[in-house]
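Protein chains: 2
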Amino acid sequence: MRRAVSGSAGIRDVARAAGVSVATASRVMARADYPVAEPTRQRVLAAARALSFVPNALARGLARARTETIGVVVPWLANPYYAGMTEAIDGAARDRGLTMLLGLTGGDERRRESIIDELIGRRVDGIVICAGTDDHLAGRAPDALGVPAVLIGAQANAGFPMVQTDNRRAGYEAARHLWSLGHRSCLYLTGLPTWHDFHARGEGMRAFLAEAGAPAALEVCDGLLDEADAYRFVREACAEGISATAIVASTDRHALGALAALSDAGHEVPGRISVMGFDDYVSSGYLRPALTTMQIPAAQMGRRAIGLLVERIEGRAVSDETLFDATLIARASTGPAPHAG
Amino acid sequence: MRRAVSGSAGIRDVARAAGVSVATASRVMARADYPVAEPTRQRVLAAARALSFVPNALARGLARARTETIGVVVPWLANPYYAGMTEAIDGAARDRGLTMLLGLTGGDERRRESIIDELIGRRVDGIVICAGTDDHLAGRAPDALGVPAVLIGAQANAGFPMVQTDNRRAGYEAARHLWSLGHRSCLYLTGLPTWHDFHARGEGMRAFLAEAGAPAALEVCDGLLDEADAYRFVREACAEGISATAIVASTDRHALGALAALSDAGHEVPGRISVMGFDDYVSSGYLRPALTTMQIPAAQMGRRAIGLLVERIEGRAVSDETLFDATLIARASTGPAPHAG
DNA sequence: CTGAAAGCGCTTACAG
DNA sequence: CTGAAAGCGCTTACAG
Chain H
1 MRRAVSGSAG
11 IRDVARAAGV
21 SVATASRVMA
31 RADYPVAEPT
41 RQRVLAAARA
51 LSFVPNALAR
61 GLARARTETI
71 GVVVPWLANP
81 YYAGMTEAID
91 GAARDRGLTM
101 LLGLTGGDER
111 RRESIIDELI
121 GRRVDGIVIC
131 AGTDDHLAGR
141 APDALGVPAV
151 LIGAQANAGF
161 PMVQTDNRRA
171 GYEAARHLWS
181 LGHRSCLYLT
191 GLPTWHDFHA
201 RGEGMRAFLA
211 EAGAPAALEV
221 CDGLLDEADA
231 YRFVREACAE
241 GISATAIVAS
251 TDRHALGALA
261 ALSDAGHEVP
271 GRISVMGFDD
281 YVSSGYLRPA
291 LTTMQIPAAQ
301 MGRRAIGLLV
311 ERIEGRAVSD
321 ETLFDATLIA
331 RASTGPAPHA
341 G
Chain U
1 MRRAVSGSAG
11 IRDVARAAGV
21 SVATASRVMA
31 RADYPVAEPT
41 RQRVLAAARA
51 LSFVPNALAR
61 GLARARTETI
71 GVVVPWLANP
81 YYAGMTEAID
91 GAARDRGLTM
101 LLGLTGGDER
111 RRESIIDELI
121 GRRVDGIVIC
131 AGTDDHLAGR
141 APDALGVPAV
151 LIGAQANAGF
161 PMVQTDNRRA
171 GYEAARHLWS
181 LGHRSCLYLT
191 GLPTWHDFHA
201 RGEGMRAFLA
211 EAGAPAALEV
221 CDGLLDEADA
231 YRFVREACAE
241 GISATAIVAS
251 TDRHALGALA
261 ALSDAGHEVP
271 GRISVMGFDD
281 YVSSGYLRPA
291 LTTMQIPAAQ
301 MGRRAIGLLV
311 ERIEGRAVSD
321 ETLFDATLIA
331 RASTGPAPHA
341 G
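The structure is reproduced here in structure tokens:
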């Protein structure tokens with residue numbers, strides 16, 4: 001019905017130019033380890049080069065039922081945490097010859113579902129989902145998805161392999177750090193309660209403080225979406241008189257807002273009040289005072305996710321869940337509590 | 001030879017379930033505006049839903065010679081400028097029903113070329129290239145690419161449509177801002193000389209200063225890749241005695257490094273020295289002192305690029321080159337020059 | 001080592 | 001409004 005009109009040469013053209021059948025041409029283009037006579041191979045290769053043949057990945061994918069493509073779904077790129085993770089995922093995928101199809105959800109669950117359908121429609125070989133606020137995945141079971149999938153940073157989700165940071169422990173360590181500096185009253189600034197990463201961090205802090213015998217030492221303010229929210233909240237808190245000697249922000253973004261607010265309120269950090277965050281963006285070390293933070297190994301997590309995914313794709317599922325640890329990066333924004341000084 | 005083993009239903013299954021031919025089933029799934037009897041359409045739709053049919057985009061793309069896919073090539077995501085631009089591009093593409101295939105070059109031209117080949121192999125309908133350091137594109141001509149392409153932030157490149165910021169003018173305005181504050185000696189911290197965006201900014205500054213009668217007022221230090229490089233350089237400069245009263249950084253990242261170095265050297269900003277950058281990351285307004293910067297409309301540029309690309313894809317090329325203007329966002333990091341105060 | 005042919009899952013001119 | 005069939009550009013068992 002239609003004829004090839006596209007300028008690009010097809011395997012048929014290559015075959016003709018090399019004087020072989022398309023089967024043979026295909027065999028040399030498809031894989032290096034096919035049994036083809038060396039001179040034949042060379043002729044085909046030369047023809048392909050001469051015609052600057054680029055195999056049609058659609059046709060290949062259709063025929064092979066394998067697209068060498070993985071879907072990656074992420075909330076945003078605006079957050080350095082996700083940007084870094086996405087970069088790491090892309091790098092790891094590329095190293096294995098896989099191309100990344102990126103879907104940005106904007107934190108909208110409905111959009112996420114449609115993105116996943118889209119990816120399945122494009123027949124990706126697997127999917128990595130960087131979860132955030134919720135991960136019921138509209139009730140999708142791992143098998144119902146039709147393709148292997150691995151979750152990053154999600155709470156336990158029916159049967160999906162996962163890679164995570166031990167957020168509870170990270171929170172625990174954060175509280176311990178502050179406690180050891182003499183802080184006995186902390187304010188935790190966090191996002192929506194449904195973001196379980198953040199929630200787990202808070203739980204970890206609470207656990208430490210309870211063990212330390214000061215269960216009431218933690219005050220939580222949630223619902224803060226970004227630096228602007230954190231800024232406003234802390235600014236008001238300062239105006240009303242802030243009693244905590246330390247602020248823990250659920251991300252470095254929140255910490256940045258808090259830092260700005262404290263500066264504008266004339267509260268010295270860490271002299272009057274200490275501040276710490278979670279994530280460790282590259283920029284955090286260049287703030288002044290430099291930000292103390294619990295570093296989350298986003299790049300490692302991304303790479304590990306690809307590792308798990310490829311295991312699944314190749315049908316050799318070994319590992320299942322991977323837990324990473326956050327690392328305390330102590331910098332200038334945390335110091336001895338004023339009354340302890 | 002092979003049978004469909006995959007769990008997902010195909011158009012054939014839908015047709016069978018609905019009691020129609022695959023042709024008819026395809027027609028209702030493919031487009032809403034096909035002439036199909038309403039009851040028939042309903043039966044097909046019901047069958048599709050019941051079987052949770054997701055059309056195979058590979059087969060469709062092969063048959064239609066259109067994939068509803070665009071390739072986007074970007075150096076990194078680690079830089080908020082590119083992250084924001086990529087997000088905007090993705091959003092604009094999604095709004096038009098196009099899926100983004102993202103390729104990260106890491107600033108490596110060879111990798112960029114292989115990514116472009118990869119994208120062409122996947123038969124994207126068009127390509128957006130966020131250029132950086134070089135854009136000879138290995139000598140590729142617009143037509144030789146085989147698909148429509150538009151460049152963002154590249155210097156004039158044989159025939160490709162482009163969207164850009166008027167960097168020269170942005171530099172000019174930056175210099176004017178500083179000059180009006182009494183600064184007569186500026187230091188420009190920048191990346192590799194091959195990054196023409198940065199180079200143009202420097203040229204613009206130089207042009208203003210020449211007009212102002214102080215052509216020697218600009219000192220340039222290039223080769224600074226990130227905040228770490230900027231930090232080191234400024235730290236040393238401070239140690240040796242810095243004579244400039246203002247530092248202009250080619251990006252906010254560089255400015256961040258400079259700010260940290262000045263703080264560590266005990267140089268007050270803007271009392272002793274003013275600092276400004278280019279880009280305007282969301283975080284820049286939360287630095288203390290808040291960073292004065294020339295805001296580059298990255299999101300708008302990304303959206304415009306998609307607009308241009310779609311025009312090309314649909315064969316109605318109207319606009320060709322688009323120039324955006326940077327906007328001065330004056331904040332606390334720039335102030336009157338010390339001797340002018 | 002090589003070729004002829006069926007098949008991957010859709011779409012769409014062509015005929016009713 | 002609907003169906004039978006060719007075609008999109010590859011791959012790969014099957015037979016030499």
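Going line by line, the protein sequences match chains H and U.
The numbering of the first sequence is this note's numbering, which starts it at 1 and goes up by one.
The numbering of the second sequence is this note's numbering, which starts it at 1 and goes up by one.
Built from N, CA and C at the ideal position, the CB exists for glycine as well.
Quantities reported herein were computed from a predicted structural model and do not represent experimental measurements.
Shorter than 8 Å from the beta carbon of U/I152 to some beta carbon of chain H?
no
Please state whether DSSP places U/F324 in a helix, a strand or coil.
strand
Is the distance from the Cβ of H/S263 to the Cβ of U/S283 below 8 Å?
no
Go ahead and label U/S274 buried or exposed: buried means 16 or more other beta carbons lie within 10 angstroms of its beta carbon, across all protein chains shown.
buried
Can you tell me the Cα-Cα spacing of U/L187 and U/F233, whole angstroms?
Distance between the alpha carbons of U/L187 and U/F233: 11 Å.
U/T327 classed as buried or exposed, judged by whether at least 16 other C-beta atoms fall within 10 angstroms:
Classification for U/T327: exposed.
Rounded separation between U/F198 and U/G84 - CA only
19 Å
Can you name the residues of chain H whose CB is closer than 7 Å to the CB of U/P55?
G121
Cβ separation of U/S180 and U/A217, assumed to be a contact under 8 Å, to the nearest whole Å
Not confirmed; about 13 Å, so no contact.
DSSP three-state assignment for H/L218, whether helix, strand or coil
strand
Contact set between U/R96 and chain H, taken where Cβ atoms lie within less than 9 Å
Within chain H, no residue comes near U/R96; the closest Cβ sits about 14 Å away, beyond 9 Å.
Could you name the residues of the same chain whose beta carbon sits closer than 6 Å to that of U/A200, not counting the 5 residues immediately before and after it, in chain order?
Excluding positions up to five away in sequence, the list reads N167 and R168.
Comparing alpha-carbon positions, which option in U/D325, U/D117, U/M301 and U/A290 lies nearest U/T86?
U/M301
Neighbour flag for H/R235 against chain U, beta carbons, 8 Å:
Under the 8 Å criterion on CB atoms, H/R235 is classed as non-interfacial with respect to chain U.
Separation of U/L189 from U/I247, as counted between CA atoms:
7 Å
Using beta carbons (cut-off 8 Å, strictly below), is H/S8 in contact with chain U?
yes
Starting from the C-beta of H/A244, find all residues in its chain whose C-beta is less than 6 Å away, skip the five residues before and the five after it, and write them out in chain order.
Cβ neighbours of H/A244 beyond the five flanking positions: S185, C186 and L187.
Just the C-alpha distance for U/S26 and U/A50, rounded to the nearest angstrom, thanks.
16 Å
What does DSSP give as the partner residues of U/C186 in its beta bridges?
U/L218 and U/A246
Would the beta-carbon of U/T105 fall within 8 Å of that of U/E68?
no
Taking Cβ positions only, does U/A265 come closer than 8 Å to chain H?
no
Return the first residue and the last residue of the alpha helix (DSSP H) that U/A48 is part of.
Bounds of the alpha helix (DSSP H) holding U/A48 are E38 to A50.
For U/R235, which residues from the same chain have a beta carbon less than 8 Å from its beta carbon, with the 5 sequence-adjacent residues on both sides left out?
A261, D264 and A265
Between H/Y81 and chain U, is the shortest Cβ-Cβ distance under 8 Å, so that the two count as touching?
no
Which residues in chain U have a C-beta closer than 9 Å to the C-beta of H/E227? List them in chain order.
V282, S283, G285 and Y286
What residue does the alpha helix (DSSP H) around H/S283 start on, and which one ends it?
Per DSSP, H/S283 belongs to no alpha helix (DSSP H) and is neither H nor E.
Are the Cβ atoms of H/F53 and H/V14 separated by less than 8 Å?
yes
The region 142 to 152 of chain U touching the region 59 to 67 of chain U, judged by at least three CB pairs closer than 8 Å:
no
Considering only C-alpha positions, which residue in the set U/L178, U/S114, U/A154 and U/H267 is nearest to U/G71?
U/S114
Within-8 Å CB hit, U/R3 to chain H:
Any reading at U/R3 needs caution, since the residue's pLDDT is 40, under 50, leaving its predicted position unreliable; the model's value is listed next. Output row for U/R3: interface = no.
Straight-line gap, U/A332 to H/D325 (C-alpha atoms, nearest Å):
38 Å
Sorted by chain position, which residues of the same chain lie with C-beta nearer than 8 Å to H/A299's C-beta, five sequence neighbours on each side aside?
G84, M85, E87 and A88
Between which two residues does the alpha helix (DSSP H) holding H/L104 run?
No alpha helix (DSSP H) holds H/L104; the beta strand (DSSP E) holding it covers T99 to L104.
What residues in its chain sit with their C-beta under 6 Å from that of U/A131, if we drop five residues either side in the sequence?
L151, G153 and A154
As assigned by DSSP and simplified to three states, the class of H/I152
strand
What I want to know is whether the C-beta of H/M29 ends up closer than 7 Å to one or more non-hydrogen atoms of the ligand HEM.
Inclusion of the ligand HEM in the displayed structure is not the case, the ligand content being empty and no account of it being possible.
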